[in-house]
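Protein chains in written order, with our numbering: chain A, 1 to 388; chain B, 1 to 388.
Right under this line is the structure:
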């Protein structure tokens with residue numbers, strides 16, 4: 001009887017919501033129904049497929065207009081974007097950076113690229129993002145500000161930045177996190193990889209900290225094949241990011257002079273052409289994804305032992321990936337439910353393995369992570385493509 | 001009279017070789033006359049534009065077949081490829097890596113990403129690449145092998161690897177460099193970013209060391225927009241490179257587990273689609289580029305004070321970028337010649353600023369660099385697109 005938990009009813013409900021004739025329903029597939037081919041063809045015909053070109057400029061303009069950010073920089077992927085933002089935030093070897101344990105591994109890896117150490121913090125069920133109250137109590141205990149620098153009293157290392165993520169597209173509670181970042185002199189970088197089209201208190205995510213990053217990987221709400229962007233409202237951050245992303249080459253008609261160790265991180269024009277077509281369709285995509293979320297919510301309302309995650313009252317989410325939350329008492333059923341649905345051709349997956357459990361990050365500092373651990377046991381991501 | 005140097009005659013000769021109706025002749029433009037549209041459209045129609053897909057597999061297969069390398073891995077660009085190769089070669093923080101001072105900045109930057117220190121070595125006029133005899137004498141003076149590790153006696157640091165580059169597509173003299181790398185226990189990584197289609201003693205460049213890298217940036221002989229590849233004949237190097245390039249995710253139908261700090265470096269499928277069309281045309285591109293090189297050689301044979309660089313007797317070059325070499329006594333005319341030709345709509349450029357002169361690398365160790373410095377004063381790159 002499994003304590004009243006009914007896997008078959010869950011699978012049946014999924015099948016009803018997703019009723020279509022496909023043998024296999026992926027977690028998130030892209031939708032190319034707009035000007036994708038026109039723009040890509042025009043890009044090929046122009047010969048400008050590489051690291052500069054009109055589509056890169058256009059995509060950056062669109063991104064600024066859509067998100068409200070003063071500056072947008074198109075780069076090769078979200079990981080590269082975060083690497084650059086952390087570097088501009090002053091993160092360097094031996095520093096610590098606060099990131100949620102419940103995130104994709106790229107967040108922690110970008111910290112490592114700077115030679116810094118990720119310091120894992122807990123999440124809350126309300127947003128699936130960083131729990132501000134718990135972080136407040138934790139920093140009060142372990143951190144102190146000395147000469148304008150936040151020091152971890154336990155390790156003696158500077159804590160330079162706080163990177164909240166808008167998990168599966170759902171905005172974290174940014175107001176108290178902003179207050180905390182100011183009080184503790186932490187640079188605030190938003191990992192908005194999944195939240196293009198999501199709003200916190202009427203403001204698009206990615207506008208609150210020093211800078212933010214977006215991802216346009218193939219599984220995101222819009223895609224450029226591979227790609228990402230940096231958003232910022234600070235001109236000097238933008239100018240430095242653009243310089244660092246283009247091998248720090250000084251502008252000159254023929255001379256090759258570079259003045260910093262830098263990166264080959266700019267988005268190719270052909271990928272930007274795809275992005276320009278995708279962003280034109282973004283408002284429609286968001287509408288469809290919110291409608292799907294509502295269908296999931298209604299369908300699962302009468303299923304016992306589970307619920308569909310709903311945006312917090314201050315948030316308007318893009319519902320990038322819908323989340324089925326198991327009641328804690330049914331978490332022993334998670335893996336068999338994942339196996340069952342994948343066998344039935346409905347792709348589902350659990351949350352990422354928490355960062356502090358991965359071999360390369362096991363020895364990094366972390367606070368009590370009981371909420372993240374509970375969420376890890378309880379989360380199942382559901383198919384959320386635009387056309388479902 | 002400029003000591004017999006005649007800038008006008010040089011410009012006129014360029015105009016004769018490049019005779020066409022364009023207002024502006026770029027240094028190297030891509031040529032999309034094959035299946036580019038078909039493959040990119042098919043890729044869009046399939047929905048698989050991102051980090052896995054059939055075009056990535058196809059491009060890797062083509063690259064292996066063309067170069068003779070047992071394994072090829074398509075990645076996001078040549079810089080990323082070199083970063084991974086160096087890491088697999090065991091280069092880590094505080095190590096030194098021997099690279100020519102005459103190279104593009106990405107070679108040195110990739111060394112920096114590992115926390116290592118580039119150690120700059122001299123080039124020779126015969127190949128524009130590393131001078132093996134001079135390196136032999138230098139290592140004899142400053143290096144010793146202790147317990148299987150090469151140590152720089154001047155700095156006390158391990159020297160882990162040697163990275164020759166095939167400058168502007170022209171093969172470096174790999175046989176003595178291989179012998180040196182064995183004698184001094186240095187991992188040999190070929191920077192073949194510019195030399196796809198170039199052969200050293202009948203063998204395609206990139207097959208000699210532990211691994212090699214290619215670039216498919218927009219200015220290269222074939223392009224994927226942005227992209228690169230790792231070539232290797234060592235299976236374990238390939239397997240580890242593939243793992244590191246894909247965030248070290250362990251294969252599983254739904255679980256997200258990662259076991260190393262790793263990278264988001266895989267080439268998107270849409271870029272690979274472009275690459276598949278390009279590589280089909282590569283033999284024709286090489287033929288045309290070699291024919292253009294011959295036209296340059298013939299046309300400049302009667303111009304005093306300059307010569308066109310010709311491949312060494314052991315090399316068959318793709319002539320990626322043709323090189324006009326000024327006689328040493330005319331190097332004071334280089335900048336005015338560059339200005340003049342660019343003003344006339346013929347794009348030319350000097351060699352890269354030597355690495356040891358860039359602010360971030362000024363304090364790195366280097367040997368006497370008198371040949372690289374002479375070449376820096378004397379080299380002017382000429383337009384070399386396939387369709388010229």
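All C-beta atoms in this analysis are idealised placements derived from N, C-alpha and C, irrespective of residue type, glycine included. What you are looking at is a predicted structure, and each value in this text was computed from that prediction instead of being measured.
Determine the chain A residues that contact residue i at a beta-carbon separation under 7 Å, and present them in chain order.
i                      : result
residue 36 of chain B  : 44
residue 258 of chain B : 105, 358
residue 167 of chain B : Within 7 Å Cβ-Cβ: nothing; residue 167 of chain B doesn't reach chain A, min ~13 Å.
residue 409 of chain B : The first residue shown for chain B is 1 and the last is 388, placing residue 409 of chain B beyond what the model contains.
According to DSSP, simplified to helix, strand and coil, what is residue i?
i                      : result
residue 115 of chain B : coil
residue 342 of chain B : helix
residue 6 of chain B   : coil
residue 83 of chain B  : helix
residue 100 of chain A : strand
residue 232 of chain A : strand
residue 56 of chain A  : helix
residue 381 of chain A : strand
residue 33 of chain A  : coil
residue 25 of chain B  : strand
residue 39 of chain A  : helix
residue 134 of chain A : helix
residue 374 of chain B : helix
residue 285 of chain B : helix
residue 17 of chain B  : helix
residue 105 of chain A : helix
residue 126 of chain B : coil
residue 243 of chain A : helix
residue 62 of chain A  : helix
residue 369 of chain B : coil
Classify residue i as buried or exposed, calling it buried when 16 or more other Cβ atoms lie within 10 Å of its own Cβ.
i                      : result
residue 250 of chain B : exposed
residue 1 of chain A   : Bear in mind that the predicted position of residue 1 of chain A carries a pLDDT of just 45, short of 50, making it too unreliable to give a figure here.
residue 252 of chain A : exposed
residue 239 of chain B : exposed
residue 398 of chain B : As displayed, chain B neither begins before 1 nor continues past 388, which places residue 398 of chain B out of reach and without an answer.
residue 370 of chain A : exposed
residue 203 of chain B : exposed
residue 148 of chain A : exposed
residue 4 of chain B   : exposed
residue 156 of chain A : exposed
residue 336 of chain A : exposed
residue 172 of chain B : buried
residue 179 of chain B : exposed
residue 140 of chain B : exposed
Going by beta carbon distance, what residues of the same chain come within less than 8 Å of residue i, once the five residues before and after it are set aside?
i                      : result
residue 233 of chain B : 69, 70, 71, 207
residue 38 of chain B  : 277
residue 259 of chain A : 248, 250
residue 26 of chain A  : 347, 383, 385
residue 266 of chain A : 51, 52, 56, 74, 75, 76, 245, 246
So which residues of chain A does residue i contact, with C-beta pairs closer than 9 Å?
i                      : result
residue 338 of chain B : 253, 254, 255
residue 41 of chain B  : 37, 40, 41
residue 306 of chain B : Chain A residues near residue 306 of chain B: none, gap ~17 Å exceeds 9 Å.
residue 396 of chain B : Absent from the model: residue 396 of chain B. The displayed extent of chain B is 1 to 388, so no value can be given.
Can you list the residues of chain B that residue i reaches, using a CB-CB cut of under 9 Å?
i                      : result
residue 274 of chain A : 44, 49, 270
residue 247 of chain A : 79, 104, 105, 106, 109
residue 348 of chain A : 254
Might you give, ordered along the chain, the residues of its own chain that have their beta carbon closer than 7 Å to the beta carbon of residue i, omitting 5 neighbours on each side?
i                      : result
residue 340 of chain B : 7, 11
residue 344 of chain B : 11
residue 9 of chain B   : 303
residue 145 of chain B : 184, 185
residue 268 of chain A : 49, 50, 51
residue 169 of chain B : 194, 195, 198, 317, 318, 319, 320, 321
residue 290 of chain B : 319
List the residues of chain B that residue i touches, going by C-beta distances under 7 Å, in chain order.
i                     : result
residue 30 of chain A : 47, 49
So which residues on chain A does residue i lean against when the C-beta distance must stay under 8 Å?
i                      : result
residue 390 of chain B : Nothing can be reported for residue 390 of chain B: it is not among the residues displayed for chain B, which extend from 1 to 388.
residue 342 of chain B : 253, 254
Who are the neighbours of residue i on chain B, taking C-beta pairs under 8 Å?
i                      : result
residue 112 of chain A : 261
residue 345 of chain A : Near residue 345 of chain A there are no residues of chain B at all, since even the closest Cβ is about 12 Å away, more than 8 Å.
Once the 5 residues before and after residue i are set aside, which same chain residues still bring their CB inside 6 Å of it?
i                      : result
residue 352 of chain B : 104
Continuous alpha helix (DSSP H) assignments of at least 4 residues falling wholly in the stretch 142–230 of chain B:
174–183
If we require 4 or more residues per run, which alpha helix (DSSP H) segments fall completely within the stretch 291–365 of chain A?
334–343
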